[in-house]
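> In our numbering, the protein residues as written are 66 to 320.
Rendered as structure tokens:
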């Protein structure tokens, strides 16, 4: 079956009635590395100008259970890399020449030179190299949120946060609040919620540490419903790449 390349999986998700509840899973152990967005690749932890040693170290961290993601925002200098560790809530800034040494130290859980972060972060998936929805909805949401961000909340573009069909997706740290279908008009409400380290129920995808069913239950209770609907098998919207190829996938959703 031929599918228009102008079709977006985000639109498919909305039309199908797929609910955000139950889609909030995200690994709590993370390393964020500031890297120029223009050098991101389709892989969440790889940039086109990374050295072989840098790639090997990020791969080792991933294998050890820590999710590595790249972030960026306008105005950052290319001469240095900011890094954050979660759930430790630590941060540091290093010159490119010192990045390999710093990554190697993290693999050994040596956090010498790191300090406790005193600001909340809000990541916005704008990983257009991976999915067109994140370029279209993600970047628009990022611009709106960044324009309204107060001094105590930093907004960053991020590589893949999971669920491109639910873009724009955001992740608040260190609170681990994950939201979906964020649009420009949601910026003020989401910023205020994130400043307080709480969720915005109508856009909340669920507690990151719980299985899907428990996530959905928490979301629906927060929305004032005592019981979530029963899960059922539905045709799940495919990624934009799959739509371009005329493919479909099947998964579980909450409606």
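No residue lacks a Cβ here, since even glycine has one placed at the ideal position from N, Cα and C.
Inspect the beta-carbon positions of residue 190 and residue 241 and report whether they are closer than 8 Å.
no
> Decide if residue 73 is buried, meaning its Cβ has at least 16 other Cβ atoms within 10 Å, or exposed.
buried
> With the cut-off set at 8 Å, would you say residue 255 and residue 247 are in Cβ contact?
A distance below 8 Å separates the beta carbons of residue 255 and residue 247.
> Could you check where the alpha helix (DSSP H) with residue 151 kicks off and where it finishes?
From DSSP, residue 151 is part of no alpha helix (DSSP H) but of the beta strand (DSSP E) over 145 to 151.
> Applying the 10 Å Cβ sphere with the 16-neighbour rule, what's the burial state of residue 131?
buried
> Just checking my contact of residue 288 with residue 266 at CB under 8 Å: how many whole Å lie between their CB atoms?
The pair is a contact, with the Cβ atoms about 5 Å apart (cut-off 8 Å).
> Start and end of the alpha helix (DSSP H) containing residue 132?
That residue, residue 132, is in no alpha helix (DSSP H); its beta strand (DSSP E) goes 132 to 137.
> Give a yes or no on whether the C-beta atoms belonging to residue 271 and residue 259 are separated by under 8 Å.
No, the pair does not count as a contact, with Cβ atoms beyond the cut-off.
> Report the rounded CA-to-CA distance for residue 96 versus residue 180, giving the unit in angstroms.
14 Å
> Taking the alpha carbon of residue 89 as the reference point, which residue from 280, 111, 290 and 285 has its own alpha carbon closest?
280
> Between the beta-carbon of residue 182 and the beta-carbon of residue 154, is there less than 8 Å?
yes
> Would residue 87 be called buried (16 or more neighbouring beta carbons within 10 Å of its own) or exposed?
buried
> Determine the extent of the alpha helix (DSSP H) in which residue 208 is found, giving its start and end residues.
204 to 213
> For the 8 Å Cβ check, are there 3 or more pairs between the region 146 to 153 and the region 191 to 206?
These segments do not touch.
> Determine the direct distance from the alpha carbon of residue 170 to that of residue 176, and round the result to whole angstroms.
7 Å
> Smallest Cα separation from residue 221: which of 91, 229 and 206?
A check of alpha carbon separations from residue 221 across 91, 229 and 206 identifies 206 as the nearest.
> Can at least three beta-carbon pairs, one atom from the region 97 to 104 and one from the region 130 to 144, be found at a separation below 8 Å?
As far as the Cβ criterion goes, the region 97 to 104 touches the region 130 to 144, which means the pair count is three or higher.
> Report, in whole angstroms, the separation of the C-beta atoms of residue 268 and residue 218, which I expect to be a contact under 8 Å.
With 8 Å as the limit, residue 268 and residue 218 do not qualify as a contact, their Cβ atoms being about 17 Å apart.
> Are the beta-carbon atoms of residue 164 and residue 123 separated by less than 8 Å?
no
> If you count every other CB in all the chains shown that lies within 10 Å of the CB of residue 128, and 16 or more means buried, which is it?
exposed
> Considering just the uninterrupted stretch of the beta strand (DSSP E) at residue 232, what are its terminal residues?
Taken as a continuous stretch (DSSP letters only), residue 232 belongs to no beta strand (DSSP E), as it is neither H nor E.
> Please list the terminal residues of the continuous alpha helix (DSSP H) segment that includes residue 74.
Where residue 74 is concerned, the enclosing alpha helix (DSSP H) stretches over 74 to 81.
> Determine the contact status of residue 226 and residue 185, defining contact as a CB-CB distance below 8 Å.
no
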